[in-house]
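Notes for the one structure printed next.
Number of protein chains: 2
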Amino acid sequence: MSLLVQKYGGTSVGTVERIQAVAERVYKTARDGHQVVVVVSAMSGETNRLLSLANEISARPIPREIDVLVSTGEQVTTALLCMALAELGQEARSYTGSQAGIKTDDSHNKARITNIDTEAVMKDLQSGCVVVLAGFQGVNEAGEVTTLGRGGSDTSAVAMAAALKADECQIYTDVDGVYTTDPRVVSDARKLDRITFEEMLEMASLGSKVLQIRAVEFAGKYNVALRVLSSFTEGEGTLITLDEEDAVEQALISGIAFNRDEAQITVRGVPDTPGIAFQILGAVADANIEVDMIVQNISGDNVTDFTFTVNRIDYDRVSEIVNTVAKELGAADVSGRSDIAKISVVGVGMRSHAGIASKMFQALAKEQINILMISTSEIKISVVVDEKYLELGVRTLHDEFDLAQNSQ
Amino acid sequence: MSLLVQKYGGTSVGTVERIQAVAERVYKTARDGHQVVVVVSAMSGETNRLLSLANEISARPIPREIDVLVSTGEQVTTALLCMALAELGQEARSYTGSQAGIKTDDSHNKARITNIDTEAVMKDLQSGCVVVLAGFQGVNEAGEVTTLGRGGSDTSAVAMAAALKADECQIYTDVDGVYTTDPRVVSDARKLDRITFEEMLEMASLGSKVLQIRAVEFAGKYNVALRVLSSFTEGEGTLITLDEEDAVEQALISGIAFNRDEAQITVRGVPDTPGIAFQILGAVADANIEVDMIVQNISGDNVTDFTFTVNRIDYDRVSEIVNTVAKELGAADVSGRSDIAKISVVGVGMRSHAGIASKMFQALAKEQINILMISTSEIKISVVVDEKYLELGVRTLHDEFDLAQNSQ
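These protein sequences, in sequence, are chains C and W.
Take 0 as the starting number for the first sequence in numbering that gives the first Met the number 0 and just add one per residue.
Take 0 as the starting number for the second sequence in numbering that gives the first Met the number 0 and just add one per residue.
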């Protein structure tokens, strides 16, 4: 007998029929002798419906009341799923975040879980009752409803799995696992059986948005075995493991991630003195704009060149900010472009294997793809290229590292 | 400075615009220096939407989960109203039933309030914050969400007003007060400025469904001054008072109530022995059918005739049940009809005035309206007539007792 936490996202519970299908799956799991906690999102579209009501009333609705409002979405799903389970003869009981003892800090709309009091949930599980928990929500010290931010149901599931010392946290979604790259770009992309947390983090942050990053971090930190599966098809999905040894059969490279929504800004001829990077990026951060890659090259003559990338929608605002700062700093020139894309090769294997970078650059060169920027981490090499080469670049690298379905 | 509880029903908060209009009214009340607790229902249509989701899943959804499901409707309204109040610069804070300390028994879907812990609400009120409470809901000992049954938001408002010792509990609805009779039947029906609780109970149970009966009973029991007003127009509405002295200027008769949905069953020639009424009505009660009027006449020869009325939709089922019982009892005959209606004259004044009944019967006779049944209480005289005479009967009595607008 295992204790399993299963999380079903908004698409998986988007209609009454789908909720009934989830009930069937949960029922089978329980009948196989497992203890099951089910974490559910709001039915797809519901959170947006509620938020649009709020926005009709106020351009900036008060955060406390947004949480009171949107947390109802998940609560509705828990009740409907318990009813569907009862129809199958499976005892089940719904829990709000508050009822399940999920304590958070006071940050409405983006609260962090501080503690989980699992007593009530454990009691139900031990009596053979399925626990159905509203994801994405908790309660602060004052007894107010809080939410964990969008996609926070993944975090609820992982946190509950950690608190209950569950054997596995299964994230059911509309894809059947983590792929070597986006199958819409490379048709023979292969589903991975296993991937490490670190790789998953690099893949997720680079655009393969299967799981919320915070959930993966949390799972890694508390050593929760995490599995991504499809709620619509059968299959083992992808297991995300802490242990690199588990991933020993894996290829050198796990996948090719990419991000199309990038724009780059270059400041040339900046005085090469301490504090320059802060002065440029501080102004950008003050405008609440997230910076992705940052590259600075060694240069002569006491001046340096400084390049960074941001999300494309922030490009115009960033250009304006940086032009102002550059003038103050006496920089020679500011330039930029928004028709770029980032491609990354990700794999824990590259820690112990040399030559991955040169293999990557050679493959791109063979296809006449010019590299605009390079940035590396321990388990990832990212390049920025002209956006028009994105698909070609991803396919080329997917082939180069033998990631295709029929190559294994 | 007064402490006011204002309750707004589903129609009054049915759209974002209406919620904004409610916010304006609450804001004005608060700005006039009053402490305000607002009790809200779900936006009109929302409870039905949620229940139909449940019914798609189960013919008999589990009661505990129905409460979890439908209680979200009121919660949504509280959040939206607080946002609208914030837009006007009025501090406000939403409360679920649980957060407001509304403790109930365990009867899901029809829970009764056992206790209210007003500490949190009082603290907010004293700091000048408007409290916005989700009506219709509470929490049981085990911390589970319960609901008070449909229309229970009135009960929430009255109970909260009693617990807070509020100066007045104002029920905002889509009518501007309690009328001498239904204005759709008698065009010059008059709005009453005052009515006693007892009269209101008789009026409400007889079809003038302005307020939930339980709420009126509760208000009477705890001496809460209750006022019915319109959320769409200005006006003083109708004050419902405990004190008969308050109603001293009132006419003898307060109003003419009626109910079209009646059906009658007569059992003739029943042996006139103790326990007969129980044997007939016990079988009806076992089928969970509510009986309205009951009339039994003195008769000779050790047999008696026994007539009662039920809601018309139960007529076929009741006929079947009573036919079976009548056979067992050796009754002579069972008959019935479903094309009848009840008309009642209501007024505390009749306690101290003779001749009301004969005046009523004479007026009906003048119009050739035959009376099928008569039943009386201390402050009410009801007659059952052929349904086709309903409107004529109501208009006749409304005139007879000088209730019209221009007659005062």
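Note that beta-carbon positions come from the ideal geometry of N, C-alpha and C, so glycine has one too.
Computed from a predicted model, the values in this text were never measured in an experiment.
| query | Looking only at its own chain, which residues have a Cβ that is under 8 Å from the Cβ of residue 375 of chain C, when we skip the five neighbours before and after it? | reply | Working through the first sequence from its first residue, we reach residue 375 of chain C at position 376. These residues qualify, in order along the chain: 356 and 381.
| field | Contact under 7 Å by Cβ, residue 402 of chain W with residue 179 of chain W | value | Residue numbering aside, residue 402 of chain W sits at position 403 when the second sequence is read from its first letter. Residue numbering aside, residue 179 of chain W sits at position 180 when the second sequence is read from its first letter. Yes; because the gap between Cβ atoms is below 7 Å, this pair is in contact.
| field | Runs of beta strand (DSSP E) wholly within the region 70-135 of chain C (minimum 3 residues, chain order) | value | 91-94, 101-103, 112-115 and 129-133
| Cutoff 6 Å; reference residue 331 of chain C; Cβ partners in own chain excluding five residues on either side | If you number the first sequence from 1, residue 331 of chain C lands on position 332. Answer for residue 331 of chain C: 267 and 268, listed in chain order.
| request: Mark residue 199 of chain W as exposed unless 16 or more other C-beta atoms lie within 10 angstroms of its C-beta, in which case mark it buried. | output: As a working note, residue 199 of chain W is residue 200 in the second sequence. Flag for residue 199 of chain W reads buried.
| field | Start and end residues, alpha helix (DSSP H) containing residue 302 of chain W | value | Working through the second sequence from its first residue, we reach residue 302 of chain W at position 303. From DSSP, residue 302 of chain W is part of no alpha helix (DSSP H) but of the beta strand (DSSP E) over 302-310.
| query | Taking any Cβ of chain C, which residues in the region 118-133 of chain W have a Cβ under 7 Å from it, in chain order? | reply | none
| task | Return yes when the Cβ of residue 203 of chain W is within less than 7 Å of the Cβ of residue 259 of chain W, no when it is not. | result | Within the second sequence, the letter at position 260 stands for residue 259 of chain W. Within the second sequence, the letter at position 204 stands for residue 203 of chain W. Cβ atoms of residue 259 of chain W and residue 203 of chain W: not closer than 7 Å.
| When the Cβ atoms of the region 174-194 of chain C are set against those of the region 131-147 of chain C, are three or more pairs found closer than 8 Å? | no
| Name the chain W residues that come within less than 8 Å of residue 182 of chain C, Cβ to Cβ? | Working through the first sequence from its first residue, we reach residue 182 of chain C at position 183. Ordered by position in chain W, no residue passes the 8 Å Cβ test against residue 182 of chain C, which lies about 34 Å from the chain.
| Stretch pair the region 225-245 of chain C + the region 165-174 of chain C: three plus CB contacts closer than 8 Å | yes
| query | Under the three-state reduction of DSSP, which class applies to residue 228 of chain C: helix, strand or coil? | reply | Looking up residue 228 of chain C in the first sequence gives position 229. It is a strand residue.
| message | I'd like to know whether the C-beta of residue 248 of chain C is nearer than 7 Å to at least one C-beta of chain W. | response | For the purposes of this step, residue 248 of chain C is taken as residue 249 along the first sequence, with counting starting at 1. Unreliable positioning characterises residue 248 of chain C in this predicted model, as indicated by a pLDDT of 48, which lies under 50. The coordinate reading is nonetheless provided below. No, because no Cβ of chain W sits closer than 7 Å to the Cβ of residue 248 of chain C.
| query | Interface residues of chain C around residue 18 of chain W at Cβ under 8 Å? | reply | Within the second sequence, numbered from 1, the residue matching residue 18 of chain W stands at position 19. Within chain C, the residues near residue 18 of chain W are 56.
| task | Count the CB pairs spanning the region 113-122 of chain W and the region 93-110 of chain C that are closer than 8 Å, and state whether there are at least three. | result | no
| query | In terms of alpha-carbon separation, which member of C/76, C/88 and C/321 lies closest to residue 53 of chain W? | reply | Within the second sequence, numbered from 1, the residue matching residue 53 of chain W stands at position 54. When each option's Cα is compared against that of residue 53 of chain W, the closest is C/76.
| task | Report the residues of the region 71-83 of chain W with a CB closer than 7 Å to any CB of chain C, ordered along the chain. | result | 71, 74, 75, 77, 78, 79, 81, 82 and 83
| Just to check, is the beta-carbon of residue 107 of chain W closer than 6 Å to a non-hydrogen atom of the ligand FAD? | Here there are no bound small molecules, and the ligand FAD is not part of this structure.
| message | Please classify residue 139 of chain C as buried or exposed, where buried requires at least 16 neighbouring CB atoms within 10 angstroms. | response | Position 140 of the first sequence, counted from the start, is the residue given in the question as residue 139 of chain C. Burial call: buried.
| said: Taking its Cβ as the centre, do 16 or more other Cβ atoms sit within 10 Å of residue 60 of chain C, making it buried, or is it exposed? | reply: On the first sequence, position 61 is the one that residue 60 of chain C refers to. That one is buried.
| task | Name the two residues that bound the continuous beta strand (DSSP E) containing residue 190 of chain C. | result | Your numbering for residue 190 of chain C matches position 191 in the first sequence. No beta strand (DSSP E) contains residue 190 of chain C, which DSSP labels as neither H nor E.
| If you measure from the beta carbon of residue 278 of chain C to each beta carbon in chain W, is any gap under 7 Å? | For the purposes of this step, residue 278 of chain C is taken as the residue at position 279 of the first sequence. No - not a single Cβ of chain W is within 7 Å of the one on residue 278 of chain C.
| request: Would you kindly report the start and end of the unbroken alpha helix (DSSP H) that includes residue 216 of chain C? | output: Counting from one through the first sequence, the residue named residue 216 of chain C turns up at place 217. Segment 212-220, the alpha helix (DSSP H) holding residue 216 of chain C.
| field | Beta-bridge pairing of residue 270 of chain C - partner residues as DSSP gives them | value | Along the first sequence, one-based indexing puts residue 270 of chain C at 271. According to DSSP, residue 270 of chain C bridges with C/302.
| request: Closer than 7 Å by beta-carbon distance: list the chain W residues that pair up with residue 93 of chain C, in chain order. | output: The count along the first sequence starts at 1 and reaches residue 93 of chain C at position 94. Near residue 93 of chain C (Cβ distances below 7 Å), the residues of chain W are 64 and 67.
| message | Excluding the 5 residues flanking residue 146 of chain C on each side, which residues of the same chain have their C-beta closer than 7 Å to its C-beta? | response | Stepping through the first sequence from its first residue, residue 146 of chain C is reached at position 147. 66, 69, 70, 108, 110, 135 and 136.
| query | Are residue 292 of chain W and residue 308 of chain W close, meaning C-beta to C-beta below 7 Å? | reply | Here residue 292 of chain W refers to the residue found at position 293 when the second sequence is read from its first residue. Here residue 308 of chain W refers to the residue found at position 309 when the second sequence is read from its first residue. Yes, these two residues count as a Cβ contact at 7 Å.
| Nearest chain C C-beta to residue 142 of chain W closer than 7 Å, yes or no? | Here the question's residue 142 of chain W lines up with position 143 in the second sequence. Judged by the 7 Å Cβ criterion, residue 142 of chain W is in contact with chain C.
| What's the C-alpha gap between residue 153 of chain C and residue 174 of chain C? | For the purposes of this step, residue 153 of chain C is taken as the residue at position 154 of the first sequence. For the purposes of this step, residue 174 of chain C is taken as the residue at position 175 of the first sequence. So the alpha carbons of these two residues sit roughly 15 Å apart.
| residue 185 of chain C to residue 236 of chain C span [Cα, whole Å] | Residue 185 of chain C sits at position 186 when you count from the first residue of the first sequence. Residue 236 of chain C sits at position 237 when you count from the first residue of the first sequence. Rounded to the nearest angstrom, the two C-alpha atoms are 19 Å apart.
| request: Look at the Cβ atom of residue 165 of chain W, then the Cβ atom of residue 2 of chain W, and state whether they are nearer than 7 Å. | output: For this step, residue 165 of chain W is matched to residue 166 along the second sequence. For this step, residue 2 of chain W is matched to residue 3 along the second sequence. Yes, the Cβ-Cβ distance between residue 165 of chain W and residue 2 of chain W is below 7 Å.
| CB-CB length for residue 345 of chain C against residue 201 of chain C, believed under 8 Å | What you label residue 345 of chain C is simply residue 346 of the first sequence in a count that begins at 1. What you label residue 201 of chain C is simply residue 202 of the first sequence in a count that begins at 1. Yes, they are in contact, since the Cβ atoms of residue 345 of chain C and residue 201 of chain C sit about 4 Å apart, within 8 Å.
| Using a beta-carbon distance below 7 Å, is residue 115 of chain W in contact with chain C? | One-based indexing of the second sequence puts residue 115 of chain W at position 116. Not closer than 7 Å to any Cβ of chain C, the Cβ of residue 115 of chain W fails to qualify, so no.
| request: List the whole-angstrom C-beta distance separating residue 273 of chain W from residue 328 of chain W, where the pair is believed to meet the contact cut-off of C-beta under 8 Å. | output: Taking the first residue of the second sequence as position 1, residue 273 of chain W is located at position 274. Taking the first residue of the second sequence as position 1, residue 328 of chain W is located at position 329. About 13 Å; that fails the 8 Å criterion.
| said: Let me make sure I understand the geometry here. Which of W/322, W/233 and W/368 has the alpha-carbon closest to that of residue 393 of chain W? | reply: Mapped onto the second sequence, residue 393 of chain W falls at position 394. Measuring from the Cα of residue 393 of chain W, the nearest candidate turns out to be W/368.
| query | residue 336 of chain C bridges to which residues according to DSSP? | reply | If you number the first sequence from 1, residue 336 of chain C lands on position 337. BP columns for residue 336 of chain C point to C/263.
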